[in-house]
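Just so we're aligned: 192 in the working numbering is position 192 of the sequence shown, and the numbers increase by one with no gaps anywhere.
Read the structure below first, then the notes.
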Amino acid sequence: MRVGVLALQGAFREHILMLEAAGAVAHAVRLPEQLDGVAGLVIPGGESTAIAKLMRTYGFYEAIRERHGSGMAVWGTCAGAILLAQTIADALPDQEPLGLMATTVRRNAYGRQVDSFEADLAIGQLDLPFRGVFIRAPLIEAVGEGVKVLARHRGDIVAAQECDMLATTFHPELTGDLRVHRYFLEHVIGAG
Ligand code: GLN
Numbered sequence: 001m002r003v004g005v006l007a008l009q010g011a012f013r014e015h016i017l018m019l020e021a022a023g024a025v026a027h028a029v030r031l032p033e034q035l036d037g038v039a040g041l042v043i044p045g046g047e048s049t050a051i052a053k054l055m056r057t058y059g060f061y062e063a064i065r066e067r068h069g070s071g072m073a074v075w076g077t078c079a080g081a082i083l084l085a086q087t088i089a090d091a092l093p094d095q096e097p098l099g100l101m102a103t104t105v106r107r108n109a110y111g112r113q114v115d116s117f118e119a120d121l122a123i124g125q126l127d128l129p130f131r132g133v134f135i136r137a138p139l140i141e142a143v144g145e146g147v148k149v150l151a152r153h154r155g156d157i158v159a160a161q162e163c164d165m166l167a168t169t170f171h172p173e174l175t176g177d178l179r180v181h182r183y184f185l186e187h188v189i190g191a192g
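This is the structure:
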């Protein structure tokens, strides 16, 4: 199975390694043409403002929306979850989300970098707790109809799925635990 990882900025290398370890054929996507033939796309964590700027420059807004419309699954981690949302609660003027997933997110909801933290998460779809690494994480404040909450931390939504779209506010690619990557390959791709 071919999977692309948007490689404009942020933690894309780690995702490529994890996807390959989970059995997929993964490659870095730097140009919209590189979305051809991929069953799923990961939008990594990083800095959503920087990723958004580069997405606009290279024409990724149209390309991702169009490819998603024709069956490409998408998973956004952290900054990627922000970009996937319908609404960014505290958006700066040029911060346009893709608007694909019926979520409202708030950036840097847990404060500044020093407030990054780790926590064990109970994800219903996985049999054992998953170590969540939160780095200047956003918060999924609200979800629309059709969005399934997969995990919460202290009541806050940290993982959600809408058909063939997955959003996690933490970084599974930094843990060495392949279970969320496997979940994307097995239960999100093809779920549209
Ligand atoms: N706070 C970052 C943003 O707003 C996201 C941080 C991350 O992806 N680790 O884009």
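Glycine is no exception: its CB is placed at the ideal position from the N, C-alpha and C atoms.
Kindly indicate the opening and closing residues of the beta strand (DSSP E) around G4. Against the sequence shown, residue 4 aligns to sequence position 4. Taken as a continuous stretch (DSSP letters only), the beta strand (DSSP E) holding G4 covers 2-6.
Short check: CB of L178 to CB of A21, under 8 angstroms? Mapped onto the sequence shown, residue 178 falls at position 178. Mapped onto the sequence shown, residue 21 falls at position 21. Contact flag set, yes.
Specify whether the segment 73-89 and the segment 135-153 touch according to this definition: at least 3 beta carbon pairs, one from each stretch, less than 8 angstroms apart. yes
Please report the distance separating the alpha-carbon of A28 from that of P44. Taking the first residue of the sequence shown as 1, we reach residue 28 at position 28. Taking the first residue of the sequence shown as 1, we reach residue 44 at position 44. Computed Cα separation, rounded: 11 angstroms.
Can G76 be considered in contact with the ligand MN, in the sense that its beta carbon sits closer than 7 angstroms to one or more heavy atoms? Because the ligand MN does not appear in the structure shown, any question about it cannot be addressed here, the ligands present being the ligand GLN.
Is the distance from the Cβ of T175 to the Cβ of V133 below 8 angstroms? Here residue 175 is taken as the residue at index 175 of the sequence shown, counted from 1. Here residue 133 is taken as the residue at index 133 of the sequence shown, counted from 1. Closer than 8 angstroms, so yes.
Give me the Cα-Cα distance between A151 and E118, rounded to the nearest whole angstrom. Here residue 151 is taken as the residue at index 151 of the sequence shown, counted from 1. Here residue 118 is taken as the residue at index 118 of the sequence shown, counted from 1. Going from the Cα of A151 to the Cα of E118 covers about 14 angstroms.
Is any heavy atom in the ligand GLN found nearer than 7 angstroms to the beta carbon of R136? Here residue 136 refers to the residue found at position 136 when the sequence shown is read from its first residue. Because some heavy atom of the ligand GLN lies under 7 angstroms away, the Cβ of R136 counts as near it: yes.
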